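With my numbering applied, the sequence shown corresponds to residues 1 to 161, in that order.
The C-beta atom is built at its ideal place from N, Cα and C for all residues, glycine as well.
If you're wondering where the values come from, they're calculated on a predicted model, not measured in any experiment.
Working notes, structure below.
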Amino acid sequence: KQWYQRRVRGLNIRLASYGFSTKNIYKDLFKGFTLKYLTESFLGREMKKVQSCDDLTDQQKKTRVEWIIAELQDYEILPYNYVYDRDRLVIGDPEEISWFLWNLVQYDVRETWDITRQMIENESQMLNHSYSWLTPPNKADEGNGKTFQHYFKQINLSSET
């Protein structure tokens, strides 16, 4: 397998929360709701403007990609200097799709690293709480207006007796 195919396996975990999986993200990204679900799994909220990619023209797909990239950049999931070729992405170019997915995976790695570092710094907290990988619904109004995309939800075990 190519290096980029091995590094994007975790994306199916994100799709599983929607009761959905794909055997080949490269072929299926612009089929059905794959792109919508993948994006929503990072944002932690629904994107009402984006629906199924089925029956869309290439121009409509390009517009959806622009909306999605802008949204992911606004939520600091993709960097603002993220460079991509919209046309190549929409036609399903494997290198362009890999670049897009790799940037999403990098976000997950950074988030996991930050959370792990916080847990290590406060080691006593690890024994008092259990953690699970969740996408919180409707958190866009909290904090600075951005969602808490994926986080470890703390559950106080002392209250669960």
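Taking the C-beta atoms as reference points, Val-65 is found nearer than 8 Å to Leu-89. Remark: C-beta atoms of Ile-77 and Phe-100 do not approach each other more closely than 8 Å. The Cβ-Cβ distance between Glu-96 and Asp-108 does not fall below 8 Å.
Across the set Glu-111, Ile-120 and Ile-91, the C-alpha of Ile-91 shows the shortest separation from the C-alpha of Lys-31.
Ser-41 sits in a helix when the DSSP states are folded into three classes.
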